[in-house]
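These notes concern the structure reproduced below.
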Ligand code: ZN
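In my numbering, the protein residues as written are 111 to 660.
Structure (structure tokens):
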């Protein structure tokens, strides 16, 4: 909280930050002037349910609204880019085109055939010397997103509407903002930067300077509450790596530790508050939209797993910082409505799950696509990679293979995966191409239907490999990467979906709903008519939502 407020003060919002607004914002009616769409990265429904009773700040506020705690990122490839692409487009990855964080395109000229979801590979990278995948090594862009976001739609209806996105990751800001954004800012590892360099707001430089001063100073450990201390059991993952009892103490200048801590979300909210102030979001009759990607929970989850003291501290920090953020809006009398959700859930580290009686395991390193491709190539005496891909999920055949070689490779790969004890199922692109898109409630989708919702005939692999439940696709943990997500299972698919506006009556719903329902519901809240049908239905259970008749 102090960090956030300090940054906001530095950004020239002293009077607003110091105001003491009434604890409850006044009830609002009519069309809200500002939609705030918040994605908390890797905020599983399990985390939401676990911590809901501990929240007293911003997360308590939104949880007093309309809560769907069985929300679903319904598709198979539960990664950040696909997840964020569903939230404000109403479209599953099969229709948004964002099938994964990275996919293979063997037609690109460059040696590296992996395409990052939020890059334009046709453009020269800003810094070609940067390490692959790091900031500067690619040109950030929404070019691969095949559908409109809510901000795109609002601006096409009302050009005065502003579409602004801020996030700890470029892919979150790009997938939630879309193509027609007025301002988009994201953390590049050192500062908040934009892919739209024209018209840089003055407060951005001030906020970046304040964040730099924060990072330059060491950070003392956070003080855990008893609820968090109860989760502080240390687990040694390697001889040099212990997780479970961390407290976010940070050395001066350590930007990686800054990122994997509550500080990143505080900084993101400070930038968001600065932009609300300087751009006057919500100040006129044309409704605006602000997308906020709070990415730190994901970095904390990857570094430590979601089951220890670290995540507890992160949950309580985000609750407090969001509380500050909403109070700031109240003090400025902004008429806003909030939707809060997540891009995917997560699986805890197998070492902690096993201590709790769950039969979890780390994946067999032999499942890595490159290694399997090499083994098949040696067996068949084929030069080249044979298979391209990462670790399960989408697997591609080297396009240099002849038709006969492809058949041989496919048969060996299918046999390998189908006989592997950690593989649940493997699907060919032919199977997926012939499947209809699922329309049932997302909690009842088969594994094949989940994979179908992630399938794009141009971008998806020749095979899709789904690992068994509780298999962590990280064979050996490393610093910052002990746990992950991305599976077809509900721990990665289930996320909270929460709508809140000051003064609305709260309710909690158990039925399964998809994140693709967020867009049509927000359209109804904004009174937008004649909008194209998307994958999810409008949620009529949200108060003051008049869903259009279909
Ligand atoms: Zn994510």
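For glycine and all other residues, C-beta sits at the position ideal for the given N, C-alpha and C.
- Below 8 Å, enough C-beta pairs join the segment 550 to 567 and the segment 528 to 540 to call them touching: three or more.
- At least one heavy atom of ligand 1 is found less than 7 Å from the C-beta of residue 193.
- C-alpha of residue 633 to C-alpha of residue 322: approximately 38 Å in a straight line.
- The DSSP-derived three-state label of residue 316 is helix.
- Taking the C-beta atoms as reference points, residue 179 is found no nearer than 8 Å to residue 626.
- Residue 297 has 302 as its beta-bridge partners, per DSSP.
- In the DSSP assignment, the residues bridged to residue 498 are 506.
- Exposed is the label assigned to residue 489, since fewer than 16 other Cβ atoms lie within 10 Å of its Cβ.
- A check of alpha carbon separations from residue 164 across 568, 459 and 429 identifies 429 as the nearest.
- Counting every other CB atom within 10 Å of its CB across the protein chains shown gives residue 424 a total of 16 or more, marking it as buried.
- In terms of Cβ geometry, residue 155 and residue 455 form a close pair [threshold 8 Å].
- The alpha helix (DSSP H) runs of length 4 or more contained entirely in the segment 412 to 477 are, from start to end of the chain, 419 to 441 and 460 to 465.
- Take the alpha-carbon of residue 457 and the one of residue 201: they are about 25 Å apart.
- Per the coordinates, the alpha-carbon of residue 268 lies some 20 Å from the alpha-carbon of residue 658.
- Measuring C-alpha to C-alpha distances from residue 305 to each of 167, 379 and 295 identifies 295 as the nearest.
- For residue 168 against residue 565, the beta-carbon gap comes to about 37 Å, at or over 8 Å, which does not count as contact.
- Sorting 483, 501, 502 and 303 by C-alpha distance to the C-alpha of residue 511 places 483 at the top.
- Checking the DSSP bridge columns, you'll see residue 619 partnered with 178.
- In this structure, DSSP gives residue 597 a state outside helix and strand, which the three-state scheme calls coil.
- Residue 552 is classed as buried because its beta carbon has at least 16 other beta carbons within 10 Å across all chains shown.
- According to DSSP, residue 403 shares a beta bridge with 149 and 277.
- Listed as beta-bridge partners of residue 586 by DSSP are no residues whatsoever.
- Assigned with DSSP and collapsed to three states, residue 211 falls in coil, not helix or strand.
- At a cut-off of 7 Å, the beta-carbon of residue 152 counts as near ligand 1: some heavy atom of the ligand is closer than that.
- Assigned with DSSP and collapsed to three states, residue 221 falls in coil, not helix or strand.
- Take residue 577, set aside five residues on each side of it, and the residues of its chain with a beta-carbon closer than 7 Å to its own are 473, 502, 532, 533, 534, 583 and 597, in chain order.
- Nearest C-alpha to residue 264 among 252, 290 and 525: 290.
- Under DSSP, residue 345 takes part in a beta bridge, and its partners are 353.
- Between ligand 1 and residue 530, a heavy atom-to-CB distance of less than 7 Å is absent.
- Just measuring C-alpha positions, the residue of 148, 331, 315 and 487 sitting nearest residue 359 is 331.
- Closer than 7 Å to some heavy atom of ligand 1: that does not describe the Cβ of residue 549.
- DSSP, reduced to helix, strand and coil, places residue 358 outside both helices and strands of the structure shown, so it counts as coil.
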